[in-house]
Structures are given as C-alpha cells and as structure tokens.
C-alpha cells in the first residue's frame, strides 16, 4: 500500500530562505521517511498563487499545480508561522483555494477530500499556535478531511519578542517533539485505515 | 456491535425550558435511533458542574456522573448556543472538565479519548457557528477525539436580532438538515470503523 | 476627578487560593494606586454567578452585586487564565452577563457601557493569550466599551507543560511588564479623556 | 479640523468587479461625506502587495503606496469578505504589513498608530462576521489603534449557501444599517477627540 504525504509550508519566505516552520515540518518528514511514506514539501511562496475561491483562477495561476498534488495525497499537513497570533496570509490563501474545490466530488459522490487526513504544524516566537491550529483543522474538516487525534504540532516561545524555533533550539522541547511523533503516526495510521476501509457512502453523498 | 452516542447540550437553560440547540440536536438523535445507536442527551445545566480542570472536583461536583457517560460513549456531540459569537460558558466548562482527564490513558497507554469520535451542533439567532465549532472540535481533537469530515451542524439566522432555530423553522433549512445527516452518518461510520480497527499504538503511547 | 477601576479575575480558583492571573493583575493595580485610581479586584469564583444572559437571574444570583461595581467603574479589566488556549468558563460567563445589560442605556440613550474603557490580562503556562484577548476585547467593544491601544497584557511560557506565571517568575519578562505599564496608563488616559469629554450623542443614541 | 478616513477593501476581487463588501463600506462613506470627512477607498486587490512583515518589501512591492495613505489617515476601516468563516487572505496580508510598522514611532515616541482610530466592515453570505471582526480589531488594537465602541459593522445571511449582501438587499437590514451609523459616527467622534486631545505620553513611550 502506497501512502503519499504532502506538506504545504505557508511561510511568508521563499524557498531560498531558511524557514523555522519547515525546520519543524522536517521532523514529521523524518518519521514519514522511516515509514516509507512518499513525501513532498511545497513552499507556497515559490508559487504564483492567485487570490480567489476557485480551483483554477486562470491567467498564470499556479495553484492548479499544487492542487494536483493535493488530489494525489493521502495525508496533508499545512505548516504556518504566526503573525499577530494568526496563521499566515499564505495559509489563509491555501484554505481559500482548497475551499474552491469544495464542490468537487469523488467517484462515489462524496466530497473530494474524503478519505484524506490532515494535520497542522505551527511555529512562532510566541503565542497563537492553538488558535491557528483550530482555524486550519476546522477549515479542512469542514471541506471533507478527516482529523485524527493530536495532529497539531507546534512550538512557540515565552511571551514577547524572542528567538524563533531554530535559534531557540526548539527541537529540545520534549512536548513539541512528542506531539510531532504522535501527529505523524496518527496521520499514517488513519491514512492506511481509510485506504483499506474507505468511508461508506451512506448519508454523505452530495452529488452523483 | 453496540455503538453509544452521548450528546451534551450546553444551553444556558435548564431542562424544563425549551432549548433551540436541543431541537437541532434531536435531528441527529433521529438518525441515531434509525441506526440503532444507543443515544442519550444530557442537559448540562441540570447538573451541578464545579469549576476546575480536574476529572473530579469533589464537594458536590456532579461532573463525574457525566464523565462516566463520556467514558462509555463511542460518539460525543457537544451542542451549544451562541452568545456574542462564542460557545456558551457551559460548553467552555465541559471542555475544561474533559481536559481535566487529558492525562488519563486507556489500557494500551493512549489518551483515554482515543477511538472515540466527536461532532458539534450549534444554534444562534445570528453569526458565530463556525468559530464555536472550530473551538470545540479543536479542543476535542487536542485531547484525543477523532474528528470525521463534516461534523459541524449549525443554524444561524441573518445578521441582527431575530428568531431562533425553532421559531425561525430552521428545520426547513436544507443546508443545515443535510449537514446534520452527513455529520450523524459520518460519526456512526467512524465509530464503527474505530471499534473494528482501533488506532494502532505505534508512536502514540504516552504512558503504560 | 475620581477614576474607578474594577478588575474581574476569572480564575477558576476561589479567593483562598493563589491565582497566577491575579499576580499579574496586581501589577496593574500598583500603577493604578500610584495614580490615585480607586481600585478593586473581584474574584469571580467567590460569587454565585448564575448562568444566563440577563443582568439579574434572580434566585440567589450574585452577579447583580458585581454588576453594580461595573456600573460604578470607569475602567474594567478582565483577567483570565488559559485552558486549551481559551479564556476560562468564568470569563465567558462574565461576558454573557455583561451582554445581558447590552440593552440598557445611559441617560443620553447611548449603551450603558459608553465612556467606560476596558483592558485584559491573561496568563497561562503556554499559548492562547492573543486569542483570549481578542475574544474578550471584541466582546466588550461590541457592547459599548472603548478599547484604548495596547490594553492586552499577557504572559505565557514556552510550548508544552511548564511553570505558570508566579513560579516562572514572569515579572522578569520585560515585554509583559512594559505592556502592563502601557495598558494601565492608556486605560487611565482614556478614562480621564472620556470623563472630561464624553462621547457625543450624534449617531449613537439607541433609545430615549 | 480636517479628518481623513481610509477604507481598505480586502475583497479577493479586483476593482473592476462588484464587491459586496464595498457596497456596505459605501454606507460608511456616505456618512463620512455628510460630515465632510476626506474619504478614500482602496481596493487592495488592485495593488501588488508583497508577502512579508516589513513596511517595505522592495522589488515591486506596492504596499508602501498604501502605507503612506494609512499614515495620513485619522480613521482606518478594514473591510473583508468571509471565506470559511474567516477574514480574507488579503485582510490577513494587510494586518501583516501594518504589523511590519509596529516598531515605528511618532515624534513623541509612541507607536505610530497612536491617535488613529479603527473599525471593521464584514460581509458574507453566512456566518463568521464576529470572528473576523474580533481578529481584525484585536490586531489593530495591539499595534496602537484606538477602538471606539461598536465599530464592527457586518451583514451575513442565514446558514448555508445563499445570496450575498447586494443580491439579498442587505441594506434593508436595520441592525446592519444602524450599526454602520453608530460605527461611522463613533469613528468620527474619536478621531476628533484624539486630534484635539492626543494620547498623553505618560507610560506609553517606547522609544525616543
């Protein structure tokens, strides 16, 4: 059984800059690799993602390239930094664009994100991780993803300005690292479970 | 296979008053009944629930009675009204008390809420349903519940003061009723799935 | 000119227990004292506050005693701990009860909370301060309080379980202490400003 | 006394498309006009706003043009549509960029947004207005804006898909229209008040 994981990094920085969020996301990647999950990280900032709420806004919109990857994936993780206690504008944009596909269905007539599982990775120098996690996990759940238990991995430091994840050596934070382990394994467990036992159609078919 | 559903109504009204939220929750109950799910609705306001973040605050605290029901349940739905766009204080209290058991584990060493699934029902005369849903579903997910897709059923009216669910005849709202159907069936599907295929322990055991 | 400040501590602990939140609130009190502001801290847990959304729920409800203090106050601070990244159930209840007076007006026909200013103090062992602040400040603003700049004072520690404000010696956190100073002075400045120059009635009279 | 109001419309649509949010924002503009307030609406989508958290990201970033207008303004209104119950990605971006100036000070050493007042206008076909308002007003308050009472004007329809503000003839909604009137007048009242009586510097100077 092949399981594919896609990690979208919504850092405001482009791929040629070091991302604290990606550093924590890489901890999930390590576990995916150990478990032979096909894994890809996409830095959203490197794509020209159009504003809008459709699956394809045309005219140079590069979201459709990302959306193809989402459709192929069994596991989706959205990673985001925190600004003023909120997920980034790029994370917001990713949710808007995923929402643009909320009318699509699979071949059984269920929403297209059925049988896919989702988690979230958040880093900030302080405060906001749970709020950003709640927002992202809710949005994904609302459009059809399954949310296994404990799939919100985050690191934040003490109140006020301070070092970010890498500089603060956040990998020494046992809570964060244990949470990352639980998240990643639960995503794998549920992806496999839903591959072997897809969600029955009774009661949830929206179109044919 | 016996599946049990517990619905906690966090209305601020006691059980001798009509609750709009319960009226919508009863739509889920109908579907549970049709599917031979053992179902119980608890009106939180009828219990003397102590403030605190433990599983048992002693001295007349009646939360432990409710918590026994939660432990028995495979499916948990929290229903809440909206006040100023937020879940009720009783819903907040229920989350605090459930969180008080977040250190407990099942016989495999996973969090005690593993293999249980959760959903949310929200009513208000206007605005706030998604925010309250995100907060409740996130809190439950963070302590070990599984969140199937589309388990946020809600009704709200147009901006401003106006009739509540019952008076507004919210049962005529196709979106709300369809969402209730999808929620209830997905809760049943996942409860059965996890009963037959409990979450493997790899990576998520926190204690022995 | 006499200015009165009322601080409501929504800790889940009663007044005979040490409250981390109150420890930080006392930093605001020190500045109020230095500036001859009449100041009172109320521990909400010590009152029998009924569930509901009216100003007086009758039958042993002790909220009216607190509400009298609110009506007398020029400055209101709500202090709250964090549980699962959210304000406490008692903070939620205080907002619900204040909302219960949202139909009351002053002698000019403006909402009763006009010309009063509000701020918030939050402590938690980790994460959630901005989200709780946003919720509380918004709620108060929506019912008529004025929100001066920078009136959200908070302390949280690094992600994961850890010491709370007192044990962590949060008073050494320069950001938190500076923010407390700015908050408290801005509350005083605006309370005085609105005492001398009450909000004109043009456009905002809701009843006569 | 000249008072300037700037309204940033964070619709995902460009200026050649009809914006429901702008339609409601225009109701505020009418009142500003009647009161001889110099008013400008900016459609954010028409600018090439770079991702980032500085005041100027260089390389074709057009945010600095907008930021000049913000610096000139006494009143700032952010208007946003709702997607999945959240403010738009463009609203998030505007907040990120404003936050990029949070280290700047006025000539007295206070944050640069001191003595400016802010409000919010939200439209959606359903649900999310209070959450989006709380997020935006909190963010602006946290960086130095003053939030007068009742400055959250919104319109949303009943739960589920349905007509947006214009098609639903939201201007007939008395609550929304009254709230718009109160918001706009309170913004004017406070802008004048702070122009005549700027916030004293005691306790809130962060740099010299």
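Residue numbers (the working numbering), protein chains in the order written: chain H, 20 to 227; chain S, 20 to 227; chain Y, 20 to 227; chain W, 20 to 227. Virtual Cβ for every residue (Gly too), placed ideally from N, Cα, C.
query, result
"Within chain S, the residues that residue 200 (chain H) reaches when beta carbons sit closer than 9 Å", "222 and 223"
"Three CB pairs or more closer than 8 Å across the region 148-159 of chain W and the region 178-188 of chain W", "no"
"Contact with chain Y by residue 141 (chain H), beta-carbon distance below 7 Å", "no"
"Start-to-end residues for the beta strand (DSSP E) that takes in residue 98 (chain Y)", "94-102"
"Beta-ladder partner(s) of residue 67 (chain W), from DSSP", "Per DSSP, none; premise fails for residue 67 (chain W)."
"Beta carbon proximity, residue 192 (chain W) to chain S, threshold 7 Å", "yes"
"Chain-ordered chain H contacts of residue 180 (chain Y) [CB-CB under 7 Å]", "194"
"Assigned exposure category for residue 105 (chain H) - 16 Cβ within 10 Å defines buried", "buried"
"Beta-carbon neighbours of residue 56 (chain H), restricted to chain S and to distances below 7 Å", "Neighbours of residue 56 (chain H) on chain S: none; closest Cβ ~13 Å, over 7 Å."
"Inter-stretch contact (C-beta, 8 Å, three-pair minimum) for the region 119-137 of chain Y and the region 104-120 of chain W", "no"
"Complete runs of the beta strand (DSSP E) confined to the region 135-205 of chain H [at least 3 residues]", "136-143 and 171-175"
"Interface flag, residue 147 (chain H) vs chain S, CB-CB below 7 Å", "no"
"Which of helix, strand or coil DSSP assigns to residue 231 (chain W)", "This structure cannot settle anything about residue 231 (chain W), because the visible part of chain W is limited to 20 through 227."
"Buried versus exposed, by CB contacts within 10 Å (16 or more), residue 200 (chain Y)", "buried"
"Cβ shell of residue 133 (chain Y) (< 7 Å), same chain only, five flanking positions each side left out", "125, 163 and 218"
"For residue 39 (chain W) and residue 159 (chain Y), the rounded distance between their alpha carbons", "27 Å"
"Straight-line gap, residue 87 (chain W) to residue 213 (chain W) (C-alpha atoms, nearest Å)", "20 Å"
"Cβ neighbour criterion (16 or more within 10 Å) applied to residue 35 (chain H)", "exposed"
"Cut-off 6 Å between Cβ atoms - residues of its own chain near residue 31 (chain H), not counting five sequence neighbours on either side", "107"
"Within chain W, partners of residue 206 (chain S) - CB distance below 9 Å", "Within 9 Å Cβ-Cβ: nothing; residue 206 (chain S) doesn't reach chain W, min ~20 Å."
"Coil, strand or helix - residue 220 (chain H) by DSSP", "coil"
"First through last residue of the alpha helix (DSSP H) which encompasses residue 52 (chain Y)", "39-53"
"DSSP-derived helix/strand/coil call for residue 133 (chain W)", "coil"
"Local conformation of residue 213 (chain S) per DSSP, three classes", "helix"
"Cross-chain neighbours of residue 171 (chain H) in chain S, by beta carbon under 8 Å", "157, 160 and 161"
"Local Cβ density within 10 Å of residue 44 (chain S), reported as buried at 16 or more and exposed below that", "buried"
"Alpha-carbon to alpha-carbon, residue 171 (chain Y) and residue 193 (chain Y)", "15 Å"
"Test: residue 176 (chain H) CB closer than 7 Å to a CB of chain W", "no"
"Contact check, residue 156 (chain W) vs residue 157 (chain Y), beta carbons under 7 Å", "yes"
"Cβ-based neighbour list, residue 210 (chain S), same chain, cut-off 6 Å, excluding 5 preceding and 5 following", "22, 93, 94 and 136"
"Any chain S beta carbon closer than 7 Å to residue 212 (chain H)", "yes"
"Delimiting residues of the alpha helix (DSSP H) encompassing residue 109 (chain Y)", "108-118"
"Contact with chain H by residue 227 (chain S), beta-carbon distance below 7 Å", "Caution is warranted here: a pLDDT of 49 is assigned to residue 227 (chain S), below 50, making its placement in the model unreliable, and the coordinate value is therefore given only provisionally. Judged by the 7 Å Cβ criterion, residue 227 (chain S) is not in contact with chain H."
"Closer than 7 Å to chain Y by CB, residue 248 (chain W)", "Nothing in the structure corresponds to residue 248 (chain W), since chain W is present only between 20 and 227."
"Same chain, Cβ closer than 6 Å to residue 62 (chain S), five either side skipped, listed in chain order", "28 and 34"
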